[in-house]
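Residue numbers (this note's numbering), protein chains in the order written: chain A, 832 to 1155; chain B, 832 to 1155. So the structure is just underneath, and the comments pick up after that.
2 protein chains.
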Amino acid sequence: MRILITGAAGMLGRKLAARLAADGSLAGRPIEALDLADVVPADPPAGLGADVAVEAVVADLAEPTVAAELASRAPDVVFHLAGVVSGEAEANPAKGYRVNLDGTRHLLDALAAAPGRPRVVFSSSIAVFGAPFPPVIDDDFHLTPLTSYGAQKAMGELLLADHSRRGLIDGVGIRLPTITVRPGRPNAAASGFFSGIIREPLNGEPARLPVPPTVRHPHASPRAAIGFMVHAAGVDTDVLGPRRNLTMPSISVSVAEQIEALGRVAGPDTVALIHEEPDEAVATIVAGWPEAFTATRARQLGFVSETTYDEIIQVYLDDDRSAG
Amino acid sequence: MRILITGAAGMLGRKLAARLAADGSLAGRPIEALDLADVVPADPPAGLGADVAVEAVVADLAEPTVAAELASRAPDVVFHLAGVVSGEAEANPAKGYRVNLDGTRHLLDALAAAPGRPRVVFSSSIAVFGAPFPPVIDDDFHLTPLTSYGAQKAMGELLLADHSRRGLIDGVGIRLPTITVRPGRPNAAASGFFSGIIREPLNGEPARLPVPPTVRHPHASPRAAIGFMVHAAGVDTDVLGPRRNLTMPSISVSVAEQIEALGRVAGPDTVALIHEEPDEAVATIVAGWPEAFTATRARQLGFVSETTYDEIIQVYLDDDRSAG
Chain A
832 MRILITGAAG
842 MLGRKLAARL
852 AADGSLAGRP
862 IEALDLADVV
872 PADPPAGLGA
882 DVAVEAVVAD
892 LAEPTVAAEL
902 ASRAPDVVFH
912 LAGVVSGEAE
922 ANPAKGYRVN
932 LDGTRHLLDA
942 LAAAPGRPRV
952 VFSSSIAVFG
962 APFPPVIDDD
972 FHLTPLTSYG
982 AQKAMGELLL
992 ADHSRRGLID
1002 GVGIRLPTIT
1012 VRPGRPNAAA
1022 SGFFSGIIRE
1032 PLNGEPARLP
1042 VPPTVRHPHA
1052 SPRAAIGFMV
1062 HAAGVDTDVL
1072 GPRRNLTMPS
1082 ISVSVAEQIE
1092 ALGRVAGPDT
1102 VALIHEEPDE
1112 AVATIVAGWP
1122 EAFTATRARQ
1132 LGFVSETTYD
1142 EIIQVYLDDD
1152 RSAG
Chain B
832 MRILITGAAG
842 MLGRKLAARL
852 AADGSLAGRP
862 IEALDLADVV
872 PADPPAGLGA
882 DVAVEAVVAD
892 LAEPTVAAEL
902 ASRAPDVVFH
912 LAGVVSGEAE
922 ANPAKGYRVN
932 LDGTRHLLDA
942 LAAAPGRPRV
952 VFSSSIAVFG
962 APFPPVIDDD
972 FHLTPLTSYG
982 AQKAMGELLL
992 ADHSRRGLID
1002 GVGIRLPTIT
1012 VRPGRPNAAA
1022 SGFFSGIIRE
1032 PLNGEPARLP
1042 VPPTVRHPHA
1052 SPRAAIGFMV
1062 HAAGVDTDVL
1072 GPRRNLTMPS
1082 ISVSVAEQIE
1092 ALGRVAGPDT
1102 VALIHEEPDE
1112 AVATIVAGWP
1122 EAFTATRARQ
1132 LGFVSETTYD
1142 EIIQVYLDDD
1152 RSAG
């Protein structure tokens, strides 16, 4: 089968490509071609079979003809991960709407217009929800995003569902919880500190905590996120019906519980590297985010996340710290 | 104040203009100018004060520069009613997305970019919801539209809320229930029969009923819908916070109850003009529509609808049949 990944040069895109290379197949079918699209050249993953045609395509999906060219390659499965993160979409609304809304619309329209009915896995976000919330959010809760990023993701979800309902694509939207521990340097996401307070101390560096330790939030590891994507590529969409967008499983922990887990894994000297440094702007955005989800439908469909934050820290140590 | 109505040549646009002309003021301020935008020329309402500057503007909002011109007139209040109806948006998806999504986006973007912070009343629809439903839907229920029209309205709601959250416009989205009894000839809306089974018999003509009489649906009269719009123009949006889209009040009646009300108002000979003529396509669309709403927030904010279907029939007889 032929696979297209958009946002392939991003953290999740690279990890997904590496996982696909390691598996050699997806949803029970061998991988024959892999198109890695991004606005910058994406590196092909190591370990890809010599018979797999891999191409890095430098592509800005907000340019209408670009999506048509990618769709003309007739991918069987599309992982649409491209987008600008919440902090950037809030700071630069024109760019956010251009990339996150127009880019998604062009891609979905192009795939709908092309022959075939590809499986499209769309990385949405729990930012589609907005406070006030019940303590635990069920699968029927309304979408009232409090960021432009969340609004753009919600619009993408609506397009994905409508094109799927029409039988033009076979979409599955996966609302990712906050993904921690992100490897590498901090990015512009307002949620960046959730990773930073673990990653920086583990690497012997100080970390700033811009919100109170009582802040509770849903988490999953990058490895779990890639697991969601791969599972979404093979899930039976007849069971989904027209409700194509699913809140993914996660574990709900407070910042204090994250820090306790860090202490158990790495000891008190590591924890001592975290400094509280309140940031009103970040705290305001985060206060509009949910704390916990049932994710009942996704769990019933076989999506799986970690069950303790200790596991999430261990995933970072296994997958990323050793590589860094 | 200056008022802009889009979709001003439509049924609700004309009734709204007539109401504004009769009132002479809106939200406690005298009306000084009224721009009536539509893709066809809109007739100025009768009874408008001689000192009110009224202009019919032939405008296709899906053309980007058109919205900018309308926004440059610096309206204080905008009633955005323009759109293609559900049946047409389903039959012609390209047109539906162009008019209902692009047109709304251009207008909201142009108003956001222009000076000032106009009150924008957006006519959304209960088509943003999709089955399966609880028997009565509360204000926190998620948006899973089962028509392209519903998807487009939901995307418009998200844009309205995001631009309002940013302080660029002051939006209120009003999700209209099915508006009956519509005057005039049938339109392309899949919901058209809800009016037709009352209107045609009252005018001595036969009417087709394409769905079972057990179908239950939320209704309000055109007069109530205009009341929602006028109330939305003056409502305190500080109370709304970021949740700018409100499900309007309605009465939930079955088709059988509609017909019983018709019998009470007009007698059995009138009722005998209704013929059951099942239509699978219409029945499938209608089966994806909700039956009843709490509309708690809207009621608390002072939005009011009829409480019996007899009243709704009487509104038609008072406002439209005499005029026809």
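Built from N, CA and C at the ideal position, the CB exists for glycine as well.
- The beta carbon of residue 1046 of chain B lies closer than 7 Å to those of 1085, 1086, 1117 in the same chain, with the five residues before and after it left out.
- Within chain A, the residues placing a beta-carbon under 7 Å from that of residue 973 of chain B are 971, 972, 973, 974, ordered along the chain.
- In the three-state scheme derived from DSSP, where H, G and I count as helix and E and B as strand, residue 1021 of chain B is classed as coil.
- Residues of the same chain with a CB within less than 6 Å of the CB of residue 1063 of chain B, apart from the 5 flanking positions on each side, are 952, 1003, 1005 in chain order.
- Burial of residue 866 of chain A is indicated by the presence of at least 16 other C-beta atoms within 10 angstroms of its C-beta.
- Here residue 1002 of chain B is bridged, per DSSP, to B:951.
- Sorting A:1066, A:1148, A:1102, A:848 by C-alpha distance to the C-alpha of residue 1133 of chain A places A:1066 at the top.
- When Cβ-Cβ separations below 8 Å define contact, residue 986 of chain A makes contact with chain B.
- Apart from sequence neighbours up to five positions away, the residues of its chain that approach residue 949 of chain A with a beta-carbon distance below 7 Å are 906, 907, 908, 909, 942, 1000, 1001, ordered along the chain.
- Not a single CB atom of chain A sits nearer than 8 Å to the CB of residue 1130 of chain B.
- Take residue 855 of chain B, set aside five residues on each side of it, and the residues of its chain with a beta-carbon closer than 7 Å to its own are 861, 862, 880, in chain order.
- By the beta-carbon neighbour count (other beta carbons within 10 angstroms, threshold 16), residue 1089 of chain A is buried.
- Of all residues in the stretch 1059-1076 of chain B, those with a C-beta nearer than 7 Å to a C-beta of chain A are 1073, 1074, reading in chain order.
- Annotation for residue 1068 of chain A: 1001 place their beta carbon closer than 6 Å to its own, counting only its chain and skipping 5 residues before and after.
- Chain B places a beta carbon closer than 8 Å to that of residue 989 of chain A, counting this residue as a contact.
- Within 8 Å of the CB of residue 979 of chain A, the CB atoms of chain B belong to 993, 997, in sequence order along the chain.
- Residue 1049 of chain B: not part of any alpha helix (DSSP H); member of the beta strand (DSSP E) spanning 1047-1051, first to last residue.
- DSSP places residue 979 of chain B inside the alpha helix (DSSP H), whose first and last residues are 979-996.
- In the three-state reduction of the DSSP assignment, residue 1076 of chain B falls in the strand class, which pools E and B.
- When Cβ-Cβ separations below 8 Å define contact, residue 961 of chain A makes contact with chain B.
- The C-beta distance from residue 920 of chain A to residue 983 of chain A rounds to 7 Å, short enough to fall under 8 Å.
- Annotated as proximal: residue 1136 of chain A and residue 1080 of chain A, with beta-carbon spacing under 8 Å.
- Nearest in C-alpha terms to residue 850 of chain B, of all of B:940, B:1007, B:1022, B:1055, is B:1055.
- Take residue 1128 of chain A, set aside five residues on each side of it, and the residues of its chain with a beta-carbon closer than 6 Å to its own are 970, 1077, in chain order.
- Residue 1082 of chain B and residue 1049 of chain B do touch by the CB rule: their CB atoms are close to 7 Å apart, below 8 Å.
- DSSP places residue 937 of chain B in the helix class (H, G or I) of the three-state scheme.
- The alpha-carbon separation between residue 1108 of chain B and residue 1126 of chain B amounts to approximately 33 Å.
- Taking 8 Å as the cut-off, the beta carbon of residue 840 of chain A is found no closer than this to the beta carbon of residue 918 of chain A.
- Boundaries of the beta strand (DSSP E) around residue 835 of chain A: 833-837.
- Within the DSSP bridge table, the entry for residue 911 of chain B names B:837, B:953 as partners.
- Taking 8 Å as the threshold, the shortest C-beta distance from residue 982 of chain B to chain A falls below it.
- With a contact defined as Cβ atoms closer than 8 Å, residue 915 of chain A and residue 930 of chain A qualify at about 5 Å.
- A buried status is given to residue 940 of chain B, since no fewer than 16 other beta-carbon atoms sit within 10 Å of its beta-carbon.
- Nearest to residue 895 of chain B by C-alpha distance, out of B:934, B:924, B:872, is B:934.
- By the 16-neighbour rule on beta-carbons within 10 angstroms, residue 886 of chain B is exposed.
- When DSSP states are grouped into helix, strand and coil, residue 1059 of chain A belongs to the helix group.
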